[in-house]
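Below: one structure, written as structure tokens.
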Amino acid sequence: MQFAAGDPSAMHEVYRRHAALVFSLCMASLRHRQDAEDATQQVFTRAWRSRETYDVSRPTGAWLTGITRRVVADTLSARERQRQNAEATANELVRQEASQPTDVVVDRLVVQQTLEQLEPPQDEILRLAYTNDLPLKSIAERLGMPLGTVKSHVHRGLARMRERLEVHDG
Numbered sequence: 011m012q013f014a015a016g017d018p019s020a021m022h023e024v025y026r027r028h029a030a031l032v033f034s035l036c037m038a039s040l041r042h043r044q045d046a047e048d049a050t051q052q053v054f055t056r057a058w059r060s061r062e063t064y065d066v067s068r069p070t071g072a073w074l075t076g077i078t079r080r081v082v083a084d085t086l087s088a089r090e091r092q093r094q095n096a097e098a099t100a101n102e103l104v105r106q107e108a109s110q111p112t113d114v115v116v117d118r119l120v121v122q123q124t125l126e127q128l129e130p131p132q133d134e135i136l137r138l139a140y141t142n143d144l145p146l147k148s149i150a151e152r153l154g155m156p157l158g159t160v161k162s163h164v165h166r167g168l169a170r171m172r173e174r175l176e177v178h179d180g
């Protein structure tokens, strides 16, 4: 098959034939359109990068479904890690409350709550960028996402946080 040989036009054909299937599987599992779109992009990116492993005797849809299952599992695991991190951060903030002025604690809690209201992977990306001070390129590599997708998540996530914080301050 031309796809396994690295023919870009074959990738286009694989995408044309199977994007709807991959997206519907992602949407059914993740239940959030943006996450499903990002996961679909990850599936095809992983497929292209691992095209040498494709067994041409197997149906392409079945191979992509396997990749989709792994991407969805990774996304759901990331969500769980984010939830646990948010919980741990909230607990740490509560412990620090006694030693810090009230307004600092309130500000941190408001930002933390606003981060928790974001959908994955935006919340995780923003935590990595601003709490862990990681560059976007490192975040993209760590999460296995294209850099453009990470940048888009940062932009949309900050816009959502700004909206929520403005409502809170108003």
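Residue numbers (the working numbering): 11 to 180.
All C-beta atoms, glycine included, are put in the ideal place defined by N, C-alpha and C.
Going by DSSP in three states, D45 sits in which element: helix, strand or coil? D45: helix per DSSP, three-state reduction.
Along the alpha helix (DSSP H) that carries M37, what are the first and last residues, could you check? Start and end: 18–40.
Would the segment 72–81 count as touching the segment 51–59 if we require 3 or more Cβ pairs under 8 Å? Because the criterion of three Cβ pairs below 8 Å is met, the segment 72–81 and the segment 51–59 touch.
CB R174 to CB T124, shorter than 8 Å? It is a contact, given that the beta carbons lie within the stated cut-off.
By DSSP, does G158 sit in helix, in strand, or in coil? DSSP places G158 in helix when its eight states are reduced to three.
Do you know offhand how far W73's Cα is from D117's? If you draw a straight line from the Cα of W73 to the Cα of D117, it is about 48 Å long.
What is the rounded straight-line gap between the Cα of D133 and the Cα of G167? Each residue's CA atom was taken as its position, placing D133 and G167 some 7 Å apart.
Hey, L138 and R170: beta-carbon distance below 8 Å or not? Not a contact, by the Cβ cut-off of 8 Å.
Quick one: using the 10 Å Cβ neighbour count with 16 as the cut-off for buried, is T63 buried or exposed? Its Cβ having fewer than 16 others within 10 Å, T63 is exposed.
Compute the Euclidean distance between the alpha carbons of N95 and Q122, then round it to the nearest angstrom. Using only the alpha carbons, I get a separation of about 11 Å.
Considering just the uninterrupted stretch of the alpha helix (DSSP H) at R152, what are its terminal residues? Looking at the DSSP string, the run of the alpha helix (DSSP H) that includes R152 is 146–153.
Which residues bound the alpha helix (DSSP H) around D65? Note, D65: premise wrong, no alpha helix (DSSP H); not H, not E.
With DSSP run on the structure shown, which of helix, strand or coil describes D143? Reduced to three states, the DSSP call for D143 is coil.
Would a C-beta distance cut-off of 8 Å place T5 and A49 closer than the cut-off? There is simply no residue 5 to check, as the chain begins at 11 and stops at 180 in what is shown.
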